[in-house]
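Numbering (my numbering), first residue to last: 225 to 756.
The beta carbon of each residue, even a glycine, is placed where N, CA and C say it ideally should be.
Given the structure is predicted, the values throughout are model-derived calculations rather than measurements.
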């Protein structure tokens, strides 16, 4: 009897050990031993990385990268330049045909000529009216420049991104927005649409109360100005709902740099600037409604506020010191008449009420429903939503209720990452619900994943390259150190979310191939840092 019990015990222990070996130890050993080529069973038509000098295998047991356990010696060089010279940032895109370009050069130039001619006629009529009324009208000269940086930016928009990796027009556009003379200031179109009629009972206020202005430059470039509303070291109060949070000018600037570092290139160029609200807004605007909201504070500072009734009070105003005011300038996209865009509700939009919850917040299988709906049942749209959620998680932006696409590029066109001013509000908190599209759908582009892995390595650490990139802006420091550290922490959480999906479903179902060939000679564009 005792012998039979011992045999039964031995058989049970052997079975347990075999199961542990098969289901636990072997997968771990297999993941340690795999090379990147094993992770990516790509053929000759796909981009692959060498075992040395490129990305190594993501070890799926702990999602660390080979050779990154110790801090490499700092050679004093630029991490940002090394990042942009990496093969992952030198991927060939096909030669662009007319269908892949948003606008044709001739179409854009004709639009430019008409705008300049209309401006000159308008200024001539104003001068004549002023002379008849014995009023001196200040004339702001415009220059017709076929090489204008904003023209080059608009003409470079393709079906792949807003700008190419080495587009020389982008650093020039950033410089122009920072330095060029402002000839006109006005309300933005969405605020004009409100016509001052605002409902104070609304939980989510219309965008007009955020004090956005449209500034026109001397060469007819146009930028959206968002003034400074919050100090760098201030966090969003804990009791604030995401939909009543302030809009931060430095978040717009940082979002552009992060988008570029992630190689999405879906955020229009943004530059910081000290704007003279008297000389560059009040004196150049022709909008009497805008003039009417300017006043001088008791401290003798020039201030202005929005025209919506619920914020038509001096306590909601922004003020210069006495005239200079920090703000972000975001380059305008081409006119909707030339390049139509549509705004689409985000499937993972939030409730925007004090107590309501959306289906995705209570149903862990919500993505299965989304996958069956057009346009998420085919193409890249859902993968692009997941890219956007990763971007928003890194910036801690919970306010992505809609997204926009260019209609010309159809369902597979990239998503525009617009309106990022509610990011970087809390560095001490990571809002995991922003990652719901990734954690629920368990899908990610290979190109996105391997760049995230690269940015987790000490020699390309995300916080370091962001810090270096942001030094090129005139309003540095754009982000405080706690916000930069939060980027590294959140990046690890994104990688762990992918790791959990891979463990559950396998690499083939989670990681989608989307690479094309690497260029033979990496090209580095350092102008964005040096020119400013």
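In terms of Cβ geometry, residue 488 and residue 654 do not form a close pair [threshold 8 Å]. A Cβ-Cβ separation of about 4 Å places residue 504 in contact with residue 406 under the 8 Å criterion. Along the length of the region 364-422, whole beta strand (DSSP E) runs at least 3 residues long occupy 406-411, reported in chain order. Listed as beta-bridge partners of residue 567 by DSSP are 628. Residue 527 and residue 668 have their C-alpha atoms spaced approximately 46 Å apart. The C-beta distance from residue 701 to residue 456 rounds to 7 Å, short enough to fall under 8 Å. Annotation for residue 486: 615, 675 place their beta carbon closer than 7 Å to its own, counting only its chain and skipping 5 residues before and after. The beta-carbon distance between residue 650 and residue 458, rounded to whole angstroms, is 10 Å. This is too long to meet the 8 Å contact definition. Every unbroken stretch of the alpha helix (DSSP H) spanning 4 or more residues and falling wholly within the region 668-750 is given here in chain order: 670-679, 686-694, 705-729, 731-734. Membership of residue 479 in any beta strand (DSSP E) is not indicated; the residue belongs instead to the alpha helix (DSSP H) covering 473-485.
Proximity of the region 639-649 to the region 686-699 falls short of the contact definition, fewer than three beta-carbon pairs being nearer than 8 Å.
Three or more Cβ pairs closer than 8 Å define a contact, and the region 391-399 falls short of that threshold against the region 564-575. With 16 or more neighbouring CB atoms inside 10 Å of its own CB, residue 644 falls in the buried class. Within the DSSP secondary-structure output, residue 448 pairs in a beta bridge with 438, 554. Per DSSP, the continuous alpha helix (DSSP H) segment holding residue 608 begins and ends at 605-619. For residue 306, the enclosing alpha helix (DSSP H) has its first and last residue at 303-309. Rounded to the nearest whole angstrom, the C-alpha separation of residue 575 and residue 530 is 26 Å. Per DSSP, residue 591 is one residue of the alpha helix (DSSP H) stretching across 590-595.
Per DSSP, reduced to three states, the secondary structure at residue 340 is helical.
Per the C-alpha coordinates, the member of 341, 442, 725, 315 positioned closest to residue 374 is 442. With a cutoff of 8 Å on beta-carbon distance, residue 711 and residue 618 are scored as near each other. When only Cα atoms are considered, residue 330 and residue 384 end up about 21 Å apart. The beta carbon of residue 690 sits closer than 8 Å to those of 478, 481, 482, 485, 703, 708, 711, all from its chain and outside the five residues before and after it, given in chain order. For residue 666, the three-state secondary structure derived from DSSP is coil. The continuous alpha helix (DSSP H) containing residue 515 extends over residues 512-516.
Excluding five sequence positions before and after residue 499, the CB atoms of its chain that fall closer than 6 Å to its own CB belong to 549, 551, given in chain order. Here residue 630 has 326, 563, 565, 637 as same chain residues with Cβ atoms under 7 Å from its own Cβ, once five neighbours each way along the sequence are excluded. Bounds of any alpha helix (DSSP H) do not take in residue 499; it lies within the beta strand (DSSP E) bounded by 494-500.
Residue 508 and residue 721 have their alpha carbons spaced roughly 51 Å apart.
Rounded to the nearest whole angstrom, the C-alpha separation of residue 328 and residue 321 is 10 Å. In the DSSP assignment, residue 658 forms no beta bridge with any residue.
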